[in-house]
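Below: the structure, in structure tokens.
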Amino acid sequence: MAKKNEINIIPLFANPLLQIQLDLDTDKLTELAVQIQNKDKKGRADIINKGGWQSNNIAEEPHEELKKLKKEITQYLQLYHSEVFRGMKFKGNVTQSIDNMWVMINEKHHYVDWHIHHKATLSGVYYIKHDGVENGNILFKHPEHPQMSALHWKKELVEVWDMTSGEIFIIPPKSNMLLIFPAWLEHKVEANLRNDSRISISFNSIPILEKKS
Numbered sequence: 267m268a269k270k271n272e273i274n275i276i277p278l279f280a281n282p283l284l285q286i287q288l289d290l291d292t293d294k295l296t297e298l299a300v301q302i303q304n305k306d307k308k309g310r311a312d313i314i315n316k317g318g319w320q321s322n323n324i325a326e327e328p329h330e331e332l333k334k335l336k337k338e339i340t341q342y343l344q345l346y347h348s349e350v351f352r353g354m355k356f357k358g359n360v361t362q363s364i365d366n367m368w369v370m371i372n373e374k375h376h377y378v379d380w381h382i383h384h385k386a387t388l389s390g391v392y393y394i395k396h397d398g399v400e401n402g403n404i405l406f407k408h409p410e411h412p413q414m415s416a417l418h419w420k421k422e423l424v425e426v427w428d429m430t431s432g433e434i435f436i437i438p439p440k441s442n443m444l445l446i447f448p449a450w451l452e453h454k455v456e457a458n459l460r461n462d463s464r465i466s467i468s469f470n471s472i473p474i475l476e477k478k479s
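Next comes the structure, spelled out in structure tokens:
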């Protein structure tokens, strides 16, 4: 219980985003992405991916550098789970487990429309090849902003929105960057305006109950 006159600011219903720069061999992962695409030119159809190519599930791919990536992702999924969901009470020892992952290759003018990741708890993206803003930023949408900006703020009073009140939060990706975020957070990727490919690996995780040994 708070003491008299003690102020406590509570970040209600937060949607934290984990961002970290990794140190993996992006040349090897680029080669893998191209090999997977060459084996399956059709890929997986996805209505949100406008013009780009998307692979089927590669979670079981035995490539050594991908194994390293999966190890890194798993480590940071557990960190996110333990830090963000630490107030939750689970029925046993619950951890996050990679459910599926896929390669995305987007050429010039390709983009990814607004979407969420259904039937997952956490989602994320690792950028294998991203050469700056012209390759396209990733944008996250405030869940309540359409109503908030129309009903609760006079726009003419605001010069710069913050993460609490702003409609969009923008991340300029870099090669070797990993992002992890709640699967229910709506996001999109801007059009690639360069002549170079934008290559990334996206993934979903689900909570699992670890069995006692």
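For what it's worth, the working numbering labels the leading residue of the sequence shown as 267, then goes sequentially.
Where is the CB? At the ideal position from N, CA and C, for every residue including glycine.
Please report the distance separating the alpha-carbon of residue i from that of residue j.
| i | j | result |
| --- | --- | --- |
| Ala280 | Asp428 | 14 Å |
| Phe469 | Ala325 | 9 Å |
| Gly398 | Leu459 | 10 Å |
| Ile339 | Pro438 | 20 Å |
| Asp293 | Gly353 | 40 Å |
| Met367 | Gln320 | 10 Å |
| Ser463 | Ile371 | 6 Å |
| Ile275 | Glu433 | 22 Å |
| Leu401 | Gly318 | Residue 401 is actually Asn in this sequence, not Leu. Going by the C-alpha atoms only, they are around 13 Å apart. |
| His347 | Lys407 | 22 Å |
Report the three-state DSSP secondary structure of residue i (helix, strand or coil).
| i | result |
| --- | --- |
| Lys440 | coil |
| Asp289 | coil |
| Leu284 | strand |
| Lys294 | helix |
| Leu487 | No information on residue 487 is available, as it lies outside the stretch 267 to 479 that the chain covers here. |
| Asn401 | helix |
| Ser348 | helix |
| Thr430 | coil |
| Lys355 | coil |
Could you tell me how far apart the beta carbons of residue i and residue j are, in whole angstroms, since I believe they sit closer than 8 Å?
| i | j | result |
| --- | --- | --- |
| Leu388 | Lys454 | Their Cβ separation, rounded to whole angstroms, is 18 Å, which puts Leu388 and Lys454 out of contact at 8 Å. |
| Ile474 | Leu335 | In fact, because the Cβ distance is near 20 Å, the residues do not count as touching under 8 Å. |
| Ala218 | His383 | Not covered by the structure: residue 218. The range shown for the chain is 267 to 479. |
| Leu295 | Glu331 | 5 Å |
Taking C-beta to C-beta, are residue i and residue j nearer than 7 Å?
| i | j | result |
| --- | --- | --- |
| Lys395 | Ser441 | yes |
| Leu343 | Ser431 | no |
| Asn315 | Val369 | no |
For residue i, which residues of its own chain have a beta-carbon under 6 Å away from its beta-carbon, when the five flanking residues on both sides are left out?
| i | result |
| --- | --- |
| Asn359 | Glu476 |
| Leu444 | Ile286, Leu288, Tyr392 |
For residue i, is the beta carbon positioned less than 6 Å from some heavy atom of the ligand SAH?
| i | result |
| --- | --- |
| Lys374 | This structure lacks the ligand SAH, and indeed carries no ligand of any kind. |
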